[in-house]
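What follows is a single structure, written as structure tokens, with notes after it.
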Amino acid sequence: MRAGDPGTDGYNSIPAAAVARLPVYRRVLLELLSTRTTTVSSTRLATLAGVNAAKVRKDLSYLGSFGIRGVGYNVEHLLYEVSRELGLTHDWPVLIAGLGNLGSALANYGGFLERGYPVRALVDADPAKVGRKIAGVPVRHVDELEEIASENRIAIGIVATPAAAAQDVVDRMVSARIGSILNFAPVIVNTADGVSVRNVDLAVELQVLSFYQRRHVPGALEDLLEPGRVS
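One point on numbering: in our numbering, the residue at position 48 of the sequence shown is 961, and numbering is uninterrupted.
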């Protein structure tokens, strides 16, 4: 789903921040369903999701009117509606580009299939990796990306290449009409209008955590570094 995409009925009315919280609500609803909980109040759902009740009610109102005053939400029905809005009622085939340590780990991760994201294709530019299989999926050359994407009806591309190769791979994905891209390369990539990109820079995320760590534990960072070292 692409929050805010113009011309997509309903999507342009759901703020990106609300879309980002939907997977959290879904995880909570799955946990409730596993304990055979049939209904949940907005207050309880908010507590489990780590937000306030007003925000839960506002977020879910974008999906429709599912709550019953004094009763709450039917867990199973709300789970279906959230899953439907997130596009999780059918599979979205995935292609991973770049089979280094990170790409290989992603290819071996069984959780993608369980959540409706089967890894159907793997590509790399290294001839030594082409022809091998990872989790039963053959690695093909990146030059074949457009053909592979068409063959496997790829919906989502994952970029796990070095920074220098990322833009070329993204260009190939756009050319192959892959509409959603998850970019792990430590570089901002440019795409055509209508293509959704999520950038995940692990180093940046660690730096954000260190910002909070320094404030939660005064002096902790300085204790770890050698005198005079700044990195």
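We put the CB at the ideal spot given by N, CA and C, even for glycine.
Rounded to the nearest angstrom, how far is the Cβ of ILE1069 from that of LEU1095, given a contact under 8 angstroms? 7 angstroms
What does DSSP give as the partner residues of VAL1072 in its beta bridges? ALA1010, ASN1096
Kindly indicate the opening and closing residues of the alpha helix (DSSP H) around PRO936. 929-947
Please return the same chain residues whose Cβ sits closer than 6 angstroms to the Cβ of TYR1030, not counting the five positions on each side in sequence. TRP1005, VAL1007
Note down, in chain order, each residue of its chain lying with its Cβ closer than 6 angstroms to the Cβ of PRO928, except the 5 sequence neighbours on either side. none
With burial defined as no fewer than 16 other Cβ atoms inside 10 Å of the residue's Cβ, what is the status of TYR1125: buried or exposed? exposed
Could you tell me which residues DSSP puts in a beta bridge with SER1109? SER1093
Applying the 10 Å Cβ sphere with the 16-neighbour rule, what's the burial state of GLY963? exposed
Would GLU1059 and SER1088 qualify as a contact pair, given that the criterion is a beta-carbon distance under 9 angstroms? yes
Smallest Cα separation from VAL1100: which of THR1074, ILE1091, SER1109? THR1074
When you compare the CB positions of VAL1113 and VAL1083, do they come within less than 9 angstroms of one another, or not? no
In chain order, what residues of the same chain lie with their CB nearer than 6 angstroms to the CB of ALA1048, ignoring the 5 residues before and after it? ALA1020, ASN1021
Use the C-beta contact count for ASP1037: other C-beta atoms within 10 angstroms, 16 or more gives buried, fewer gives exposed. buried
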